[in-house]
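**Q** Counting from 9, one number per residue, gives the positions in the sequence shown under my numbering. This is the structure I want to talk about, given as structure tokens.
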Amino acid sequence: MPQMPSETLCRSILEANAATISVRKEALAVRRLQTILGAALRLSAERGFHAMSLRALSQEAGVSMGGLYAYFDSKSTLLRMILRAVTRAVEETLAQPPEGIAEDPVAHLDWLIDAHIRLTEEMLPWFTFAFMEAKSFPRDLRRMATDSEAMTEGYIAAIIERAVATGQFRADLSPIVPALVKPLLQDWYVKRTKYRRRGIGIEAYIATVQDSVRRICR
9 MPQMPSETLC RSILEANAAT ISVRKEALAV RRLQTILGAA LRLSAERGFH AMSLRALSQE
69 AGVSMGGLYA YFDSKSTLLR MILRAVTRAV EETLAQPPEG IAEDPVAHLD WLIDAHIRLT
129 EEMLPWFTFA FMEAKSFPRD LRRMATDSEA MTEGYIAAII ERAVATGQFR ADLSPIVPAL
189 VKPLLQDWYV KRTKYRRRGI GIEAYIATVQ DSVRRICR
């Protein structure tokens with residue numbers, strides 16, 4: 009069962025959607041968002057977002073229909089709220105490597121792999137939702153999901169280019185390598201059952217992906 013969204017994450021969502029959320033008491037709004045978004049992710053995991061009605065969400069969350077409309081006016085707005093939260097979390101995480109890490113492209117790439125996988129672990133229901141529901145998104149929201157994926161690939165490509173320029177990675181490296189790395193990052197949250205069954209934890213998975221990518225690039 010998806011865990012309750014964190015207070016920090018919901019406060020960030022509240023701030024990003026302040027123009028459309030009509031609840032003015034911040035503490036109440038954050039708690040209610042945790043309840044509503046947690047219920048939305050649970051129902052989506054069980055039956056799919058497309059099949060989930062706002063009335064079913066109202067019942068699952070224990071919030072009246074009027075209470076839901078204080079946060080969003082439609083399922084499309086709710087969907088956009090969730091996708092933007094995922095995209096913003098990725099951007100804020102990957103754009104801020106620790107001091108000194110970015111100076112070494114190989115260390116930077118190792119850090120990005122580690123940071124991305126740990127972020128998806130922390131926000132597992134959100135990333136699973138974005139991946140599993142993508143095919144049923146309206147066109148503009150499919151574009152949002154695609155742009156988010158391209159953003160991550162862009163970060164990877166920029167780091168690899170610097171590693172090639174400094175001689176740490178080979179000069180004849182294929183330009184499709186960044187696109188090959190992204191599925192390795194996704195596999196952790198898309199196929200969790202497989203790794204759990206094999207007794208593979210997050211530390212081992214991160215180390216294996218880091219080692220595999222370095223071997224491809226050198």
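C-beta atoms are modelled at their ideal positions from N, C-alpha and C, and glycine is treated no differently.
(1) Give the C-beta separation of E68 and R39 to the nearest angstrom, bearing in mind that I take them to be a contact with Cβ-Cβ under 8 Å.
(2) Let me know the secondary structure DSSP gives Y77 once reduced to three states.
(3) For the pair the segment 9 to 29 and the segment 88 to 108, tell me if three or more CB-CB distances fall below 8 Å.
(4) If distances are taken between C-alpha atoms only, which option among R32, G75 and R200 comes closest to F135?
(5) Do three or more CB pairs link the segment 74 to 93 to the segment 24 to 32 at distances below 8 Å?
(6) Are there 16 or more other CB atoms within 10 angstroms of the CB of D148, so buried, or fewer, so exposed?
(7) DSSP three-state label for I167, please.
(8) For a minimum of 4 consecutive residues, which ranges assigned as the alpha helix (DSSP H) are wholly contained in the segment 84 to 136?
(9) Count the CB pairs spanning the segment 125 to 143 and the segment 169 to 188 that are closer than 8 Å, and state whether there are at least three.
(10) Identify, in the order they occur along the chain, each residue of the same chain with its Cβ nearer than 6 Å to the Cβ of I167, setting aside the five sequence neighbours on each side.
(11) Quick one, are the C-beta atoms of L76 and L62 less than 8 Å apart?
(12) Start and end of the alpha helix (DSSP H) containing S3?
(13) Just how far apart, CA to CA, sit L192 and A48?
(14) Report the residue from R151, P105, Y197 and R205 whose alpha carbon sits nearest the alpha carbon of I164.
(15) Is it the case that the Cβ atoms of I214 and D122 are separated by a distance below 8 Å?
(16) Using the C-alpha atoms, what's the distance from G209 back to R226?
(17) If I measure Cβ to Cβ from L120 and keep anything under 7 Å in the same chain, skipping five residues before and after, which residues do I get?
**A** Put simply:
(1) Between R39 and E68 the Cβ distance is about 16 Å, and since that is not below 8 Å, they are no contact.
(2) helix
(3) The answer is yes - the segment 88 to 108 touches the segment 9 to 29, with three or more Cβ pairs under 8 Å.
(4) R200
(5) Yes, since at least three Cβ pairs between the segment 74 to 93 and the segment 24 to 32 fall closer than 8 Å, the two stretches touch.
(6) exposed
(7) helix
(8) 113 to 130
(9) no
(10) Here I167 has P113, H116 and L117 as same chain residues with Cβ atoms under 6 Å from its own Cβ, once five neighbours each way along the sequence are excluded.
(11) With a cutoff of 8 Å on beta-carbon distance, L76 and L62 are scored as near each other.
(12) Because residue 3 is not part of the residues shown, which for the chain are 9 to 226, the question remains open.
(13) Rounded to the nearest angstrom, the two C-alpha atoms are 27 Å apart.
(14) P105
(15) yes
(16) 26 Å
(17) L102, Y163, I164 and I167
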